[in-house]
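Take a look at the structure below.
Residue numbers (this note's numbering), protein chains in the order written: chain A, 76 to 185; chain B, 387 to 499.
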């Protein structure tokens, strides 16, 4: 079993749609959680950290459920520019390594 | 403020040759990480430096890979001798404190032919 699992998608949605991604992690000792965004042939870029209380940044909302060991990302009012691969990332216990999910592809169309 | 920079951006070498990748982290970031993405796979951890010390190198594939961070500033990752399966994109990232978000360089695309 992979340490971080995501639905690879792709999710094809029209502009203005709301879309949600989920991610599960297996190491219950994990402490820090993030969503990164990766455009084709580019480096991963931090989208947002995920806090236990949930957090929002504009059209993006991240939630963490420690009991079920899953993380979610909600994107409201999708824009064409949101098309990318979204990576769920977890710091393993000891903070030595970020563990990446395989990513979920999002394609927003007009 | 300059971000994480990597050099070269692309490298094509023949099997058996040596290649050295360089990473300059964000100034003041003690934590430096190397990652690799092989075609069609997820990004995989290679190793973690705290200043000049290797904190965790459990992800290094084999002894053909050698990473250094002399002086705790920039880091190099040498592959010697390179094999076909070493092809991929090598990312470097840095962070200020352990457990905080890491910022990635643009990556080095290595092709071994």
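Virtual Cβ for every residue (Gly too), placed ideally from N, Cα, C.
> In three-state DSSP terms, what is residue 456 of chain B?
Replying inline: Residue state, collapsed to three classes: helix.
> Per DSSP, what kind of secondary structure is residue 153 of chain A in: helix, strand or coil?
Replying inline: If DSSP states are grouped into helix, strand and coil, residue 153 of chain A belongs with coil.
> Since residue 434 of chain B is in the beta strand (DSSP E), which residue starts that stretch and which ends it?
Replying inline: Membership of residue 434 of chain B in the beta strand (DSSP E) is indicated by the continuous run 430-436.
>> To the nearest angstrom, how far is the alpha carbon of residue 177 of chain A from that of residue 443 of chain B?
In response: Approximately 21 Å, taken between the alpha carbons.
> On the three-state DSSP scale, how would you describe residue 472 of chain B?
Replying inline: In the three-state scheme derived from DSSP, where H, G and I count as helix and E and B as strand, residue 472 of chain B is classed as helix.
>> Any beta carbon from chain A within less than 8 Å of residue 442 of chain B's own beta carbon?
In response: Yes, its Cβ sits closer than 8 Å to a Cβ of chain A.
> Using 8 Å as the limit for Cβ to Cβ distance, is residue 434 of chain B near chain A?
Replying inline: With 8 Å as the cut-off, residue 434 of chain B counts as an interface residue toward chain A.
> Is DSSP giving residue 123 of chain A helix, strand or coil here?
Replying inline: Reduced to three states, the DSSP call for residue 123 of chain A is strand.
> Hey, which unbroken runs of the beta strand (DSSP E) at 3 residues or more fall wholly within the segment 388-433 of chain B?
Replying inline: Segments of the beta strand (DSSP E) lying fully in the segment 388-433 of chain B: 391-393, 396-399, 405-410 and 417-423.
> For the candidate residues A:182, A:106 and A:87, whose alpha-carbon lies nearest to that of residue 126 of chain A?
Replying inline: Among A:182, A:106 and A:87, the Cα nearest to that of residue 126 of chain A belongs to A:106.
> According to a CB-to-CB cut-off of less than 7 Å, which residues of the segment 91-109 of chain A neighbour chain B?
Replying inline: Those residues of the segment 91-109 of chain A placed with their C-beta closer than 7 Å to a C-beta in chain B are 106, 107 and 109, ordered along the chain.
>> Counting only C-beta atoms, is residue 86 of chain A closer than 8 Å to chain B at any point?
In response: No, its Cβ sits nowhere closer than 8 Å to a Cβ of chain B.
>> Counting only beta-carbon separations shorter than 8 Å, does residue 400 of chain B have a partner in chain A?
In response: Taking Cβ atoms only, chain A never reaches closer than 8 Å to residue 400 of chain B, which makes this a no.
>> Between which residues of its own chain and residue 455 of chain B is the CB-CB distance below 7 Å, once the five residues before and five after are set aside?
In response: The beta carbon of residue 455 of chain B sits closer than 7 Å to the beta carbons of 418, 435, 438 and 461 from its chain, once the five residues preceding and following it are set aside; these are given in chain order.
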